[in-house]
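Residue numbers (my numbering), protein chains in the order written: chain A, 320 to 669; chain B, 320 to 669.
Number of protein chains: 2
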Amino acid sequence: MSDRKAPEKKLLKALAGEKTDSPPIWLMRQAGRYLPEYRKVRAEAGSFLDLCYSPKLAEEVTLQPIRRYGFDAAILFSDILVVPDALGQKVAFKEGEGPVLDPVTDSAGIAALGSPSGVKAALAPVYETVSRLKQSLPADVTLIGFAGAPWTVATYMVGGRGSPDQAAAKLLAYREPDTFQKLIDILVEATVEHLSAQVEAGAEALQIFDTWAGSLPELSFERFALKPARAIRAKLKARFPHVPVIAFPRGAGGMAEHYFRETGVEGLSLDTGVSPLVARDRLQPIGCLQGNLDPLLLVAGGAEMRAQAAHILEALGHGPFIFNLGHGIVPQTPPEHVGELVRLVKDFGA
Amino acid sequence: MSDRKAPEKKLLKALAGEKTDSPPIWLMRQAGRYLPEYRKVRAEAGSFLDLCYSPKLAEEVTLQPIRRYGFDAAILFSDILVVPDALGQKVAFKEGEGPVLDPVTDSAGIAALGSPSGVKAALAPVYETVSRLKQSLPADVTLIGFAGAPWTVATYMVGGRGSPDQAAAKLLAYREPDTFQKLIDILVEATVEHLSAQVEAGAEALQIFDTWAGSLPELSFERFALKPARAIRAKLKARFPHVPVIAFPRGAGGMAEHYFRETGVEGLSLDTGVSPLVARDRLQPIGCLQGNLDPLLLVAGGAEMRAQAAHILEALGHGPFIFNLGHGIVPQTPPEHVGELVRLVKDFGA
Numbered sequence: 320m321s322d323r324k325a326p327e328k329k330l331l332k333a334l335a336g337e338k339t340d341s342p343p344i345w346l347m348r349q350a351g352r353y354l355p356e357y358r359k360v361r362a363e364a365g366s367f368l369d370l371c372y373s374p375k376l377a378e379e380v381t382l383q384p385i386r387r388y389g390f391d392a393a394i395l396f397s398d399i400l401v402v403p404d405a406l407g408q409k410v411a412f413k414e415g416e417g418p419v420l421d422p423v424t425d426s427a428g429i430a431a432l433g434s435p436s437g438v439k440a441a442l443a444p445v446y447e448t449v450s451r452l453k454q455s456l457p458a459d460v461t462l463i464g465f466a467g468a469p470w471t472v473a474t475y476m477v478g479g480r481g482s483p484d485q486a487a488a489k490l491l492a493y494r495e496p497d498t499f500q501k502l503i504d505i506l507v508e509a510t511v512e513h514l515s516a517q518v519e520a521g522a523e524a525l526q527i528f529d530t531w532a533g534s535l536p537e538l539s540f541e542r543f544a545l546k547p548a549r550a551i552r553a554k555l556k557a558r559f560p561h562v563p564v565i566a567f568p569r570g571a572g573g574m575a576e577h578y579f580r581e582t583g584v585e586g587l588s589l590d591t592g593v594s595p596l597v598a599r600d601r602l603q604p605i606g607c608l609q610g611n612l613d614p615l616l617l618v619a620g621g622a623e624m625r626a627q628a629a630h631i632l633e634a635l636g637h638g639p640f641i642f643n644l645g646h647g648i649v650p651q652t653p654p655e656h657v658g659e660l661v662r663l664v665k666d667f668g669a
Numbered sequence: 320m321s322d323r324k325a326p327e328k329k330l331l332k333a334l335a336g337e338k339t340d341s342p343p344i345w346l347m348r349q350a351g352r353y354l355p356e357y358r359k360v361r362a363e364a365g366s367f368l369d370l371c372y373s374p375k376l377a378e379e380v381t382l383q384p385i386r387r388y389g390f391d392a393a394i395l396f397s398d399i400l401v402v403p404d405a406l407g408q409k410v411a412f413k414e415g416e417g418p419v420l421d422p423v424t425d426s427a428g429i430a431a432l433g434s435p436s437g438v439k440a441a442l443a444p445v446y447e448t449v450s451r452l453k454q455s456l457p458a459d460v461t462l463i464g465f466a467g468a469p470w471t472v473a474t475y476m477v478g479g480r481g482s483p484d485q486a487a488a489k490l491l492a493y494r495e496p497d498t499f500q501k502l503i504d505i506l507v508e509a510t511v512e513h514l515s516a517q518v519e520a521g522a523e524a525l526q527i528f529d530t531w532a533g534s535l536p537e538l539s540f541e542r543f544a545l546k547p548a549r550a551i552r553a554k555l556k557a558r559f560p561h562v563p564v565i566a567f568p569r570g571a572g573g574m575a576e577h578y579f580r581e582t583g584v585e586g587l588s589l590d591t592g593v594s595p596l597v598a599r600d601r602l603q604p605i606g607c608l609q610g611n612l613d614p615l616l617l618v619a620g621g622a623e624m625r626a627q628a629a630h631i632l633e634a635l636g637h638g639p640f641i642f643n644l645g646h647g648i649v650p651q652t653p654p655e656h657v658g659e660l661v662r663l664v665k666d667f668g669a
């Protein structure tokens, strides 16, 4: 690290453990349906996956919230399910129903998946989007690439759709742990390939979304959430020592501290249910934190939004910190509330 | 407490902070659809609420798992939504859809609710079930009464049904905190009345279910989950100093420690995502713990169920501890897996 130039961009500074004048801010799903300009592009794009695979349109929707709000980071417009799609599993997004996949439920289904080494060719349009963004983004905005974590992606691959309890994936993991491990191993490799290609195309930081980490009991969390994240972090570090990684093990609760230390990620994204005060004492000494305003506070706006955002800023804003939501922004969010939140965060410490 | 006789029943010993030879065991929703004898009674009972309000049938289904497995505790067969029903809000359970209520969405709706003092009369059949159970239960089995916590009950009352994000209740709480507080205050009183009547009828321990506690951000958790639980605990303590209370603030994560200390409850029930190792170090010094096997491990059974149950027992079984699931038992659970689990827990330490 001795030859590393100190980062100039605010978000990268925070991830390097440096204090910034006010915290950088971006919001999960900031390119999305709450924006009229997004809905316009989306309506013209065909399917949701068509939009993900159209570099020009994906570039445009990624840029929209940057233009409107001046966020400190842009996150590539894409989806965590492009990886199973690249591995040859049929993925469709049905209106009002979410993603639907032909489920992979046994050894034969796992053996039939394509090789992780094929991901880079299959997802070439995604990396073209990244290259375009690298050119078009303002100089002070950090470009974040991302992927789903193996466990969360596996819940969709095995279950065939989203589910409140991840029952299908859990039952496979509990009944045939070695079979399930094979799927996780494939996903570790595929995720490293996918994130590496994003870095090669211009991504400057990476986020790994483990939306369903919190539903795993300790022994399974260790095996299927923590270890894969650690392996991904280590492999990326070997290739790109200067690219920081943020992990979002949603709902990890008391296991977050162990996860943060053991995976070696630079940033930990906190869900809405994490106490900023506890996080300040137990997690911020380990590295940069990110989070965690309730997306529904952004819908409500007003005094309650301001008070709870201030609570987060006062607890965490004095250490390395990135302001964000505790989960993705929701479609019914009034765009003007986002503007007010951005001003509030930028004014912190001023 | 000086004139208090040491409890004889295993579950009450654990809640008094005493070590037991092997941990007592019961399972959330142990009277339920996974049992053929339950499905038989359920089919004859009319609606789900009819079953809750039929003392003879509710007694029978409460006893069924005790007969079959010899659990250390029986939990009254009832539902958390009998309280809004008693307050005059229309509640129906629709097959395959769950509970449906006429939503209470504003001050007028809250003002139209009945008085908490009417709960005891409205729910007389429930207390008759408790009285019957007091007579029919084996002498070594503890009878647990229960209620939903105000926040969780409010999510159903305001939303009109279950929801993955509790959006309706949160938006009311965020937009009109004082209006929402009035609803919470009514529910605190109603819950105290309901739990008191269960104790008067023979309940020996109480559990408060806050299923959605974990979705609240810190300031809201403090106001709408922790403070109501503390108020309920204090009011019950004044009336029934020797009746222990278990709270289940599901998903509370890092806030569980603060909640456990501040509410003064004797027992804390842990969800599946809580690390037994972290709980042993941070929570068990405060009081008795309960939990937290993944209900899907009980569906899967086999080596994985045994290994993860053993992990919980080894971490927590040496202090005051009640073995339970991390959430309610699910309908597809094979009854023989429950029998194996009970034997495994009873053999612990032998």
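Every residue, glycine too, gets a C-beta built ideally from N, C-alpha and C.
Distance between residue j and residue i (C-alpha atoms, nearest Å)
{"i": "A626 of chain B", "j": "L612 of chain A", "result": "37 Å"}
{"i": "L334 of chain B", "j": "F640 of chain B", "result": "8 Å"}
{"i": "L432 of chain B", "j": "A441 of chain B", "result": "13 Å"}
{"i": "G365 of chain A", "j": "P418 of chain A", "result": "15 Å"}
{"i": "E512 of chain B", "j": "L490 of chain B", "result": "28 Å"}
{"i": "L354 of chain B", "j": "L462 of chain B", "result": "20 Å"}
{"i": "H637 of chain B", "j": "K338 of chain B", "result": "7 Å"}
{"i": "K556 of chain B", "j": "P547 of chain B", "result": "14 Å"}
{"i": "R673 of chain B", "j": "E378 of chain B", "result": "The structure shown does not extend to residue 673 of chain B, since chain B is modelled only from 320 through 669, so no value can be given for it."}
{"i": "D425 of chain B", "j": "R552 of chain B", "result": "28 Å"}
{"i": "G658 of chain B", "j": "A486 of chain A", "result": "22 Å"}
{"i": "L406 of chain B", "j": "P444 of chain B", "result": "15 Å"}
{"i": "V661 of chain B", "j": "L346 of chain B", "result": "10 Å"}
{"i": "V360 of chain B", "j": "A524 of chain B", "result": "26 Å"}
{"i": "P352 of chain B", "j": "S588 of chain B", "result": "It should be pointed out that residue 352 of chain B corresponds to Arg in this sequence rather than to Pro. Looking at the two C-alpha atoms, the distance is approximately 22 Å."}
{"i": "I565 of chain A", "j": "V423 of chain B", "result": "41 Å"}
{"i": "G572 of chain A", "j": "T591 of chain B", "result": "11 Å"}
{"i": "S321 of chain B", "j": "Q349 of chain A", "result": "Any answer about S321 of chain B is weak, because its pLDDT of 42 lies below 50 and its placement is not dependable; what the coordinates show is given next. The alpha-carbon atoms of S321 of chain B and Q349 of chain A are separated by roughly 60 Å."}
{"i": "Q454 of chain B", "j": "Q408 of chain A", "result": "59 Å"}
{"i": "G478 of chain A", "j": "E495 of chain B", "result": "39 Å"}
Minimum C-alpha distance to residue i - residue among the options
{"i": "G521 of chain A", "options": "A:G433, A:P604, A:V449", "result": "A:V449"}
{"i": "R601 of chain B", "options": "A:R580, A:T591, A:D590, A:M574", "result": "A:M574"}
{"i": "P457 of chain B", "options": "B:L382, B:R352, B:K501", "result": "B:L382"}
{"i": "T652 of chain B", "options": "B:A619, B:R451, B:L535", "result": "B:A619"}
{"i": "T474 of chain B", "options": "B:K554, B:F543, B:L406", "result": "B:F543"}
{"i": "E356 of chain A", "options": "A:D590, A:L376, A:P403, A:H656", "result": "A:L376"}
{"i": "Q603 of chain A", "options": "A:P614, A:L615, A:G621, A:V584", "result": "A:V584"}
{"i": "G464 of chain A", "options": "A:A532, A:G606, A:I527", "result": "A:I527"}
{"i": "E447 of chain B", "options": "B:F396, B:P469, B:P496, B:D497", "result": "B:F396"}
{"i": "A430 of chain B", "options": "B:T471, B:I503, B:R348", "result": "B:I503"}
{"i": "V664 of chain B", "options": "B:P650, B:I648, B:V649, B:L644", "result": "B:L644"}
{"i": "P384 of chain A", "options": "A:E327, A:D421, A:V460", "result": "A:V460"}
{"i": "A532 of chain A", "options": "A:G428, A:A488, A:D391, A:I605", "result": "A:A488"}
DSSP-derived helix/strand/coil call for residue i
{"i": "T381 of chain A", "result": "helix"}
{"i": "A393 of chain B", "result": "strand"}
{"i": "V410 of chain B", "result": "strand"}
{"i": "R387 of chain A", "result": "helix"}
{"i": "P374 of chain A", "result": "helix"}
{"i": "G481 of chain B", "result": "coil"}
{"i": "K546 of chain B", "result": "helix"}
{"i": "A488 of chain B", "result": "helix"}
Test: residue i CB closer than 8 Å to a CB of chain E
{"i": "G636 of chain A", "result": "Among the chains of the structure shown, chain E does not appear; the protein chains present are A and B."}
Cβ separation of residue i and residue j, assumed to be a contact under 8 Å, to the nearest whole Å
{"i": "G586 of chain A", "j": "P568 of chain A", "result": "Going by Cβ atoms, the distance from G586 of chain A to P568 of chain A rounds to 12 Å, so no, they are not a contact pair."}
{"i": "A509 of chain A", "j": "V401 of chain A", "result": "Going by Cβ atoms, the distance from A509 of chain A to V401 of chain A rounds to 10 Å, so no, they are not a contact pair."}
{"i": "G610 of chain A", "j": "V597 of chain A", "result": "G610 of chain A to V597 of chain A, Cβ: 12 Å. No contact."}
{"i": "H646 of chain A", "j": "M624 of chain A", "result": "About 15 Å; that fails the 8 Å criterion."}
{"i": "V507 of chain A", "j": "A466 of chain A", "result": "Contact doesn't hold; Cβ gap of about 11 Å is too wide."}
Only counting runs of 3 or more residues, tell me where the beta strand (DSSP E) segments fall wholly within the stretch 551-637 of chain A, in order along the chain. Runs of the beta strand (DSSP E) lying entirely within the stretch 551-637 of chain A, each at least 3 residues long, are 564-568, 586-588, 607-612 in chain order.
Which runs of the beta strand (DSSP E) fall wholly inside the stretch 491-543 of chain A and span at least 3 residues, in chain order? Counting whole runs of 3 or more residues, the stretch 491-543 of chain A contains the beta strand (DSSP E) stretches 524-529.
In the stretch 638-667 of chain B, which residue ranges form an unbroken beta strand (DSSP E) of at least 3 residues, counting only runs that do not cross its ends? If only complete runs of 3 or more residues are kept, the stretch 638-667 of chain B shows the beta strand (DSSP E) at 640-644, in order along the chain.
For a minimum of 4 consecutive residues, which ranges assigned as the alpha helix (DSSP H) are wholly contained in the stretch 331-364 of chain A? For secondary structure counted as the alpha helix (DSSP H) over 4 or more consecutive residues, the stretch 331-364 of chain A holds these complete runs in sequence order: 355-363.
Which ranges does the beta strand (DSSP E) cover as unbroken runs of at least 3 residues, wholly within the stretch 394-476 of chain A, from first to last along the chain? Qualifying beta strand (DSSP E) stretches, in chain order: 410-413, 417-420, 461-467.
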